[in-house]
Amino acid sequence: MRAAAGTLRSESRPDHVREVAERLADGMERAVLAFPLTPFDAEGGFAEGVSAAYLDHQIASGPGAVFAACGTGEFFSLGLDDYEAAVRTAVQRAAGRVPVVAGAGYGMRLAADFAAAAERAGADALLLLPPYLMKGPQSGLVEHTRAVAAATRLPLIAYQRNQVAFTPQSVAELAEVPNIIGLKDGHGDLDRMQRLVRAAPDDFLFFNGVPTAELQARAYSATGIPAYSSAVHAFAPEIATAFFRALAAGDTAAVDRLLDGFFIPWVSLRDKGTGYAVSLVKAACRLRAAEIGADVGPVRAPLAEPAPEHLDEAERLLAAGLGLAG
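Numbers 1003 to 1328, taken from our numbering, label the letters of the sequence shown in order.
The structure is reproduced here in structure tokens:
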């Protein structure tokens, strides 16, 4: 999947951790990574039945893995009960066909509580979101990640963005922990990523997780990181899958058509409103309720619904993108 200077360390991992890491590596190589929304009803409660139908539509498109209750899934607004129900629904609908990775975050103790809930729900692995509010030194970030990993038997992928940015030495230290298996990058600093890849063992998983990752997918691939997550998959798996396949096939013309006709205009629209990285995605998904067979409902505060004129623009872009995807 990539070339790196490190050595293989899979032999030091427990069997179940190695198996999940291998399944995730395979999924990352063959398909885009799905970050589904968390559906809510009109009163703001978790809509389990809607979630099941929506996840069926997501999984039918063949993603490499499903990352449930993460950033796009409004992890930040979920209580433990909502969270566990959302993860359990994803596990049930996936039925072993694709790995299910659950979000976890906040401080060390709360992250461990979410990890325990993910285990009860049957998740295959965890994505550890950045700790709440505080900016710590590298030693503190490493200790935080190691402590959450020690609190669970699940494999764990660290997530760097905002105030969290690991150094090569920190990544090498984390890779020594048997159940820490990878890193999601939300910064887009390719100089840093090149150095992190070179510092990690060959079987350590990396993937591009910047907002609308498709815009930087070619550049990440050049650093040995072809895998990426897609928020677009949450409402238009046809568009996300078409782009992934074109990129993997080296079809530059198709990649450029999708970038120019959908992804770049979509990012311009996303940047017009605060919180649109989630609220615009959820609104676009509601536009497709009839095709998906589920209405994912509103966002929870502090997010707010997009402006009407932006919804109109989203609808036009969605039609254009689906046309380009064929």
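Note that CB positions come from ideal geometry on N, CA and C, so glycine has one too.
As the structure is a computational prediction, the values presented were derived from the model and not from experiment.
- Under the DSSP definition of a beta bridge, Ala1106 partners with Leu1130.
- Taking 8 angstroms as the cut-off, the Cβ atoms of Gly1323 and Ile1266 do not count as close.
- Between the C-alpha atoms of Gly1325 and Leu1176 there is a straight-line separation of about 44 angstroms.
- Distances from the alpha-carbon of Arg1272 to those of His1312, Ala1255 and Leu1305 put His1312 closest.
- Shown here, Gln1060 sits in a helix according to DSSP, grouped into three states.
- Membership of Leu1207 in the beta strand (DSSP E) is indicated by the continuous run Leu1207 to Asn1210.
- Looking only at Ala1097, Ser1063, Arg1288 and Leu1319, the smallest Cα-Cα distance to Val1269 is reached by Leu1319.
- With respect to the 8 angstroms criterion, Pro1170 and Ser1063 are not classified as neighbours on the basis of their beta carbons.
- When DSSP states are grouped into helix, strand and coil, Gly1323 belongs to the helix group.
- In terms of Cβ geometry, Ala1113 and Ala1092 do not form a close pair [threshold 8 angstroms].
- In this structure, Ala1306 is the residue among Val1166, Ala1306, Glu1045 and Tyr1108 with its C-alpha nearest to the C-alpha of Thr1276.
- Contact check for Ala1119 against Thr1154 fails: the beta carbons are separated by 8 angstroms or more.
- Apart from sequence neighbours up to five positions away, the residues of its chain that approach Gln1218 with a beta-carbon distance below 7 angstroms are Gly1190, Asn1210 and Val1212, ordered along the chain.
- Look at Leu1039 here: in three-state DSSP terms it is coil, with no helix or strand label.
- Cβ atoms of Met1195 and His1146 stay farther apart than 8 angstroms, at about 21 angstroms.
- A residue is called buried once 16 or more other Cβ atoms fall within 10 Å of its Cβ, and Glu1178, having fewer, is exposed.
- The continuous alpha helix (DSSP H) containing Leu1143 extends over residues Gln1140 to Ala1152.
- The residues Val1034, in chain order, have a CB closer than 6 angstroms to that of Phe1246 in the same chain once the five nearest residues on each side in sequence are set aside.
- The C-alpha of Gly1124 is placed about 16 angstroms away from the C-alpha of Arg1025.
- Here DSSP, grouped into helix, strand and coil, assigns Ile1294 to helix.
- Shown here, Phe1246 sits in a helix according to DSSP, grouped into three states.
- In this structure, the alpha-carbon of Ala1327 lies about 9 angstroms from that of Ala1256.
- Look at Leu1217 here: in three-state DSSP terms it is helix.
- In terms of Cβ geometry, Gln1162 and Asp1187 form a close pair [threshold 8 angstroms].
- Bridge partners of Phe1069 according to DSSP: Val1103.
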